Amino acid sequence: MTSTVPVVTDIAYRDLLDDPYPIFRRLREMAPAVFVETAKLTLVTRFDDITKIERDPATYSADNPVSLVNKVMGPTFMRKDGAEHAIGRKAIEPSFRATTIKEHWAPKFTAIAESLIDALAPAGEADLFAALAAPMASLTLMEMIGFEPMPWQRLAEWSQSLIEGAGNYAADAEIERKAMQAGADVDAAIEAVLDRHRSNPNPSILSSMINADPSMPIEAIRANIKVIIGGGLNEPRDAILTLVLGLLDHPAQKQSVLVKPELWPAALEEAVRWISPIGMYPRRVTRSVELSGMTLPQDLQIGLCVGAANRDDKRFADPDSFDISRPKQSHLAFGAGPHFCAGTWVSRLTVGKIVGPMLFERLRNLRLRDDAPPVVRGWVFRGPVSLPVRWDV
Ligand code: HEM
1 MTSTVPVVTD
11 IAYRDLLDDP
21 YPIFRRLREM
31 APAVFVETAK
41 LTLVTRFDDI
51 TKIERDPATY
61 SADNPVSLVN
71 KVMGPTFMRK
81 DGAEHAIGRK
91 AIEPSFRATT
101 IKEHWAPKFT
111 AIAESLIDAL
121 APAGEADLFA
131 ALAAPMASLT
141 LMEMIGFEPM
151 PWQRLAEWSQ
161 SLIEGAGNYA
171 ADAEIERKAM
181 QAGADVDAAI
191 EAVLDRHRSN
201 PNPSILSSMI
211 NADPSMPIEA
221 IRANIKVIIG
231 GGLNEPRDAI
241 LTLVLGLLDH
251 PAQKQSVLVK
261 PELWPAALEE
271 AVRWISPIGM
281 YPRRVTRSVE
291 LSGMTLPQDL
301 QIGLCVGAAN
311 RDDKRFADPD
321 SFDISRPKQS
331 HLAFGAGPHF
341 CAGTWVSRLT
351 VGKIVGPMLF
361 ERLRNLRLRD
371 DAPPVVRGWV
381 FRGPVSLPVR
391 WDV
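As structure tokens, this is what we get:
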């Protein structure tokens, strides 16, 4: 016996942005997939269903001919399946290898973290969003891509404009203009370094792309770099802030990582499970299919809410709590299947092994401010947008 997708009309978009978790719980309890009018999308929220979907890319495709990502960024491997996806993915792989991360990126990223933390240390207080997490994510991504040095704000602005353009379903002309301008700026920044990377192969993503597959068209290089700018900056930024927030809000857990630094990796995994930086990403149903007793029609657009799945109480006990000592259990914050995040291991290193430990070691008695509480927002992307803290100087 199968049923059709129910529709929910009484959710305000603002509530999704402020706190999506009660809404996610309601949707999870209601049905395997629910059309949410305010999101203009059918949302899948259960852990087991998303896992099943990601194991079957022929039925649940990442390729979507009408996707705004293609319009704003160009033809990218992230929105392709099968062989086309594999070509793009393989071309960037040398930059993300374990030995490259350990030997090449780790020392560079440690130096960036040191200079940012040393610069803010004398102040005794800061909002860690702009003072640490955003510049850290931007400067490390700039290095990884292989751009000429530029102010961190510029790459962050390009990233924001591209993301907003890719989500511009209301066709706002100003958002479109900014996204197109950011795209043109990225193209120019790529052009400025191409010859250098061609004649001097190195571990950067641009160099990997050009040298691993010399036949890759420039349009594909541009599109894939734009996807990496859109998808590789906000997530580590938000993971840094969520990790710090989780620990500062739970002093006993903070104490345990300080006493046992080997707990840092578990703390990072718990942070991105608790508040997943990418809360939702899209797929397209390629044939009529049954999902846990419900019929999904061909061509249905669905949103996989990994932020909801990571709080599914059928998978995680007491899922709303931040608990770094919970039993080890895989989560979906880095996605699953063929599109599993390429930046997983580099983020685990940067956030969980470099920035987190260094911050708590160098800023003594780091604490939240009673007079300026943190603000967390978003559902497609979610993280602290403000994290004011103090420490002893
Ligand atoms: C904590 C940090 C991060 C989180 C939580 C995260 C999360 C994700 C998720 C959920 C996906 C799947 C999206 C989809 O299938 O539509 C993804 C894909 C991807 N991520 Fe990440 N990401 C992070 C950091 C990074 C970084 C730092 C980079 C690059 C330097 C990166 C590069 C990518 C790429 C290239 C893909 C597309 C993979 C493919 O389609 O094969 N990510 N990420």
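So that you can map any letter, position 279 of the sequence shown is 279 in our numbering, and since no number is skipped, the others follow by simple counting. C-beta atoms are modelled at their ideal positions from N, C-alpha and C, and glycine is treated no differently. All of these numbers come straight from a predicted model, not from anything done at the bench.
Per DSSP, the beta bridge partners of Gly383 are Arg377. For Asp127, the three-state secondary structure derived from DSSP is strand. Judged by beta-carbon spacing, Met78 lies within the 8 angstroms limit of His339, meaning their Cβ atoms are closer than that value.
Excluding five sequence positions before and after Phe147, the CB atoms of its chain that fall closer than 7 angstroms to its own CB belong to Ala189, Val193, given in chain order. Contact fails between the stretch 81 to 93 and the stretch 326 to 334, because fewer than three Cβ pairs, one in each stretch, are under 8 angstroms apart. Shortest gap from the CB of Met78 to any heavy atom of the ligand HEM: under 7 angstroms. For Glu235, the uninterrupted alpha helix (DSSP H) run begins and ends at 234 to 249, by DSSP. In this structure, the C-beta of Ser204 stays at least 7 angstroms away from each heavy atom of the ligand HEM.
For Ser386, the distance from the CB to the nearest heavy atom of the ligand HEM is not below 7 angstroms. Residue burial is scored here from C-beta neighbours: Ile218 has fewer than 16 other C-beta atoms within 10 angstroms and is therefore classed as exposed.
Between the alpha carbons of Ala62 and Arg284 lies a gap of roughly 6 angstroms. The stretch 65 to 74 makes no contact with the stretch 45 to 57: fewer than 3 CB pairs, one atom from each, lie closer than 8 angstroms. In the DSSP assignment, Leu120 falls within the unbroken alpha helix (DSSP H) covering 106 to 120. With a threshold of 16 other beta carbon atoms within 10 Å, Tyr169 falls short and is exposed. The residues Val44, Leu304, Cys305, Val306, Ala309, Leu332, Ala336, in chain order, have a CB closer than 8 angstroms to that of Ile50 in the same chain once the five nearest residues on each side in sequence are set aside. A check of alpha carbon separations from Asp318 across Gly279, Pro94, Thr344, Arg273 identifies Arg273 as the nearest. The alpha-carbon separation between Pro75 and Arg46 amounts to approximately 30 angstroms.
Taken from the Cβ of Glu235, at least one heavy atom of the ligand HEM lies inside 7 angstroms. In the three-state scheme derived from DSSP, where H, G and I count as helix and E and B as strand, Pro32 is classed as coil. Secondary structure of Tyr169 (DSSP, three-state): coil. For Glu270, the enclosing alpha helix (DSSP H) starts and ends at 264 to 274. Beta-bridge partners of Val44 (DSSP): Ala33, Leu304. Leu268 is not a Cβ neighbour of Ile101, given a cutoff of 8 angstroms. In this structure, DSSP gives Val186 a helical state, which the three-state scheme calls helix. In the DSSP assignment, the residues bridged to Val289 are Leu296. The ligand HEM never approaches Pro251 closely enough for any of its heavy atoms to be under 7 angstroms from the residue's Cβ.
The residue from Arg367, Leu245, Val355 with its alpha-carbon nearest to that of Leu132 is Val355. Taking every protein chain shown into account, the CB of Leu17 has fewer than 16 other CB atoms within 10 angstroms, so this residue is exposed.
At a threshold of 7 angstroms, Leu359 does not count as near the ligand HEM, since its beta carbon sits no closer than that to any of the ligand's heavy atoms.
Assignment of Ser61 by DSSP, reduced to helix, strand and coil, places it in the strand class. Contact check for Gly279 and Phe381: beta-carbon distance about 7 angstroms, within the 8 angstroms limit, so the pair qualifies. Collapsing the DSSP output to three states places Ile11 in coil. If you ignore the 5 residues before and after Leu300, its C-beta comes within less than 7 angstroms of the C-beta of Thr42, Val285, all in its own chain and listed in chain order. In the structure shown, Arg154 adopts helical secondary structure according to DSSP, grouped into three states. In this structure, DSSP gives Pro135 a helical state, which the three-state scheme calls helix.
At the C-beta level, Asp320 and Tyr60 stay beyond 8 angstroms of one another.
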